[in-house]
Amino acid sequence: MRNTKACLFDLDGVIVDTAVYHFQAWRRLANELGFDFTEHQNEQLKGISRMESLELILGWGNVTLSEEEKVAWATRKNAWYLDLVKQMTPDEVLKGVPEFLTSLRANNIKIALGSASKNSKLILERINMLDYFDAIIDGNNITKGKPDPQVFLMGAEATNCKPEECVVFEDAVAGVQAGKAGGMKVIGVGSADILNEADFVIAGFEEMTIDRLF
Ligand code: G6P
Ligand code: MG
């Protein structure tokens, strides 16, 4: 018998690939501050909050800013990022995601979002996915970022499920750790080498069916 009552989804890299837009906007910030960073370094920013990402990037460029300047640059970055987000269309939803979410609904499994992003509702609206979600927990609700389990524990609570009845879908190492720390099953989305702490890893949702839940 299936134990899973809710599936908790990260947004960026699981539902839609916004990492490319984050990368473009962060890179513009770095370039304007006089340095550059690689796509490989960008991997470390996945799942990490806006201000923590900024701290990491400034470290790579050896740039020191006052708290006020940091807030101003983070605001600028977000405006550049939102310019890209506003051009997103529903065909950017990752393959197999709508089909999988539809099958969850058909089987009475709750669906929640657990994202560090403060822009998650706007993104879900742009890609026409808002209606699938029973609950949305995002950067506007949490006080502790991944790998802290807070975002997923709040998702479990919002769907009236116990952590052990929840399955988390994550593309970031910090997110997999957050789900495990919350006592949940975690299915990694991406590379099994990178997400080796997950219960198992799928390359994409074309591979996922509800029979593979726990
Ligand atoms: C997600 C992304 C991160 C991003 C964070 C905050 O977790 O994976 O790369 O920094 O959300 O996003 P925001 O839209 O609030 O800047
Ligand atoms: Mg992600």
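Going by the numbering used here, the first residue of the sequence shown is number 6, and it counts up by one from there. For glycine and all other residues, C-beta sits at the position ideal for the given N, C-alpha and C. The structure presented is a predicted model; accordingly, all values stated were derived computationally and were not measured.
Item, Value
"Heavy atom of the ligand MG within 7 angstroms of residue 180 beta-carbon", "yes"
"Buried or exposed by the 16-neighbour rule on C-beta atoms within 10 Å, applied to residue 71", "exposed"
"Residue range of the beta strand (DSSP E) that includes residue 190", "190–194"
"Through-space distance from residue 62 to residue 19, alpha-carbon basis", "23 angstroms"
"Selection from 169, 85, 105, 187 that minimises the alpha carbon distance to residue 27", "85"
"Residue 203 beta carbon near the ligand MG (any heavy atom closer than 7 angstroms)", "no"
"Alpha carbon of residue 9 to alpha carbon of residue 157, nearest angstrom", "14 angstroms"
"Near the ligand G6P: residue 55 beta-carbon under 7 angstroms from a heavy atom", "yes"
"Residue environment, residue 96, which counts as buried when at least 16 other CB atoms sit within 10 Å", "exposed"
"Cβ neighbours of residue 40 in the same chain (closer than 8 angstroms, five flanking residues each side left out)", "65, 66, 67, 68"
"Three-state secondary structure assigned by DSSP to residue 157", "helix"
"Cβ-Cβ distance between residue 162 and residue 185 below 8 angstroms", "no"
"The stretch 112–127 contacting the stretch 137–147, beta-carbon criterion three pairs below 8 angstroms", "yes"
"Own chain residues within Cβ distance below 7 angstroms of residue 21, not counting five before or after", "97, 98, 99, 128, 132"
"CA nearest to the CA of residue 16, picked from 159, 214, 171, 135", "135"
"Alpha helix (DSSP H) runs wholly inside the stretch 112–185, at least 4 long, in chain order", "125–131, 155–163"
"Collapsed DSSP secondary structure at residue 13 in the structure displayed", "strand"
"Segment limits, alpha helix (DSSP H) that includes residue 207", "Run containing residue 207: none in the alpha helix (DSSP H); it sits in the beta strand (DSSP E), 205–207."
"Residue 104 burial status per 10 Å Cβ neighbour count (16 or more: buried)", "exposed"
"Residue 98 in three-state terms, based on DSSP", "strand"
"CB-CB length for residue 183 against residue 151, believed under 8 angstroms", "4 angstroms"
"Residue 188 Cβ short of 7 angstroms to the ligand MG heavy atom set", "no"
"beta-carbon residue 144 near the ligand MG non-hydrogen atom, thresh 7 angstroms", "no"
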